[in-house]
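Single-structure report; data block below.
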Amino acid sequence: MTMAGTRVTWNCASDRCFHFFPCLSDPARRSSLCLKLALVLLHLIYVGILFIFDKDLTDKTKREPWYTAIYLLLFVATLAQYFLTSCSSPGYVLDAMRVANETDALLRKTLLTSKQPASSKNGSVAVTVGGNQLGRNLLGSNATTWTKVVMEMYPPGSSVRSWTCTYCNIVQPPRTKHCHDCDKCVIEFDHHCVWLGTCIGQGNHCRFWWYICEETAMCLWTGLLYITYLENNISKTWWIDVIMILLLITLSIWFIFLVLLLLFHSYLVLTNQTTYELVRRRRIPYLRGIPERVYPFSKGACRNLYNFCSPRSSKYSLEAAANSTGD
Ligand SMILES: [Zn+2]
Ligand SMILES: [Zn+2]
C-alpha cells in the first residue's frame, strides 16, 4: 500500500471514530483523555507487576485477605478520587453570575408578589459575598446586576474596566483569574492541572487535596511492598530485580514530589492562599501593597481549615479584596 493510501485509510478510520465519539475530535480533549489513560496504566503497571512477581504477597493475600483488600480499596479510592476531581467544576464565574442573577430575579419577584422578605427554598443560598447571602446584599444595596455586587468587593473608586475579563467579558470578583486552557474565569483560581485536565479552584481544591493525600499514601504503601520484595528475593532472578529496582526508584521520585505537593497545598489551605496568589503576589493589584508575611484572606489557621473542609453552605463564596494598606 502506498503512503497516500495509508493516509486515506487512517483518515477514514479516525473520521469513523470521531463519529461515534465526538469528544475525541477536539485535540485538547484527546490529549487530556490520553493523559488520563496513561495515569490509569501507570497505576496498573506498578501494582500489577507487584502481584505478578511477588509470590510472598500472593501467599500473604491467602493468609490475610483483609491486608490486600485494604490495599486494593486504597487503589480504587485513589483512581475514583482522581476521576471525581477531574470531572468536578472548579467554580466558574459565569456559573456564579448566572446563579446570582437568578437569585436576584427570584428575590425581586417574591418581593413584588408577597411584599415580604424572601428566603431561599431549602435554607441554602447559592452565592455568598463575604459570608453574607447574596440576596440580602442585592436587596440592601438596591443593586440589580452582578457588576454592582462585584464592584462593592473592591476598594471605592476602582474602575469596572480594570476588573473585566477581556475574554469572557464579565466582571471578575477578587481572587479570580481567566484560565486560557479552560477559556473561562475561575473563582479562587489555584492552577490549571494538566494531569487532571481541569482547573483547580474554589469548587474542587478540597477534592484535589484529598486526591494528593490518597496518591501519597498509595505511593508509600506500594514503595514499602517493593522494598519488602527486594529484601526477601534479591539475587534470585536478576532481570526481575532490575525491573523492581527501576520501578522503586521512579516510585521514590513520585513519592518525594507528592509529599512536597501535599505540604505545599496544606500550607496554602492553612493561610487561605492559592498557588497563583503566592507565585504572582507582586503582580496581582489587590495584593501589591501588602507586606510579605501578611495573608489578607486568612481568618486564622483553624478557621481556614474549617472553611476548607466543611461542606459549603453556598455553592459559590466570594471574598472582598484585601485592603492594600495592609492593616
Ligand atoms: Zn475570563
Ligand atoms: Zn483551566
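Numbering-wise, the numbering used here puts 932 at position 132 of the sequence shown, and it's gapless, one number per residue. All C-beta atoms, glycine included, are put in the ideal place defined by N, C-alpha and C.
{"Check": "Quick one: complete beta strand (DSSP E) runs, 3+ long, within the segment 828-877?", "Outcome": "none"}
{"Check": "What does the shell around ligand 1 hold, if a residue joins when its beta-carbon is under 5 Å from any heavy atom?", "Outcome": "965, 967, 968, 978 and 985"}
{"Check": "Could you pull out every residue in the same chain whose Cβ sits closer than 8 Å to the Cβ of residue 886, ignoring the five residues on either side in sequence?", "Outcome": "836, 996, 997 and 998"}
{"Check": "Beta-carbon separation of residue 892 and residue 1021 under 8 Å?", "Outcome": "no"}
{"Check": "For residue 968, does the three-state DSSP call read helix, strand or coil?", "Outcome": "coil"}
{"Check": "Just list the residues that DSSP pairs residue 1117 with in beta bridges.", "Outcome": "928"}
{"Check": "What do you get for residue 966, buried or exposed, if any count of 16 or more other CB atoms within 10 angstroms of its CB means buried?", "Outcome": "exposed"}
{"Check": "I'd like the span of the alpha helix (DSSP H) that includes residue 1013, first residue to last.", "Outcome": "1005-1033"}
{"Check": "Quick one: using the 10 Å Cβ neighbour count with 16 as the cut-off for buried, is residue 1092 buried or exposed?", "Outcome": "exposed"}
{"Check": "In the DSSP output, which residue or residues are listed as bridge partners for residue 991?", "Outcome": "1000"}
{"Check": "Do you know whose CA, among 850, 955, 989 and 1088, lies nearest residue 1072's CA?", "Outcome": "989"}
{"Check": "Between which two residues does the beta strand (DSSP E) carrying residue 979 extend?", "Outcome": "976-979"}
{"Check": "By Cβ distance below 7 Å, which residues in the same chain neighbour residue 1010 in space, the five residues on each side in sequence not counted?", "Outcome": "881"}
{"Check": "Relative to the C-alpha of residue 903, which candidate in 958, 865, 946 and 890 has its C-alpha closest?", "Outcome": "946"}
{"Check": "Between residue 1006 and the rest of its own chain, which residues show a CB-CB distance below 8 Å, the 5 nearest in sequence each way excluded?", "Outcome": "1108 and 1109"}
{"Check": "Would the beta-carbon of residue 1065 be found less than 7 Å away from any heavy atom of ligand 2?", "Outcome": "no"}
{"Check": "Quick one: what does DSSP say residue 960 is sitting in, helix, strand or coil?", "Outcome": "coil"}
{"Check": "Let me check you understand the geometry: is the CB of residue 992 closer than 7 Å to at least one non-hydrogen atom of ligand 2?", "Outcome": "yes"}
{"Check": "With a threshold of 16 other CB atoms inside 10 Å of the CB of residue 1118, please say whether the residue is buried or exposed.", "Outcome": "buried"}
{"Check": "What span of residues does the alpha helix (DSSP H) with residue 781 cover, start to end?", "Outcome": "For the chain, the structure presents residues 801 to 1127; residue 781 sits outside this window and is missing."}
{"Check": "Please identify the residue among 1097, 854 and 1053 whose C-alpha is closest to the C-alpha of residue 953.", "Outcome": "1097"}
{"Check": "Check for me: the alpha helix (DSSP H) holding residue 1214 runs from which residue to which?", "Outcome": "Because the chain spans 801 through 1127 in this model, residue 1214 falls outside it and cannot be assessed."}
{"Check": "I'd like to check one pair, residue 973 with residue 994: are the Cβ atoms closer than 8 Å?", "Outcome": "no"}
{"Check": "Rounded to the nearest angstrom, what separates residue 1050 and residue 1031 at their Cα positions?", "Outcome": "18 Å"}
{"Check": "In angstroms, rounded to a whole number, what distance separates the CA positions of residue 1038 and residue 878?", "Outcome": "32 Å"}
{"Check": "From residue 1066 to residue 914, what does the alpha carbon distance come to, in whole angstroms?", "Outcome": "47 Å"}
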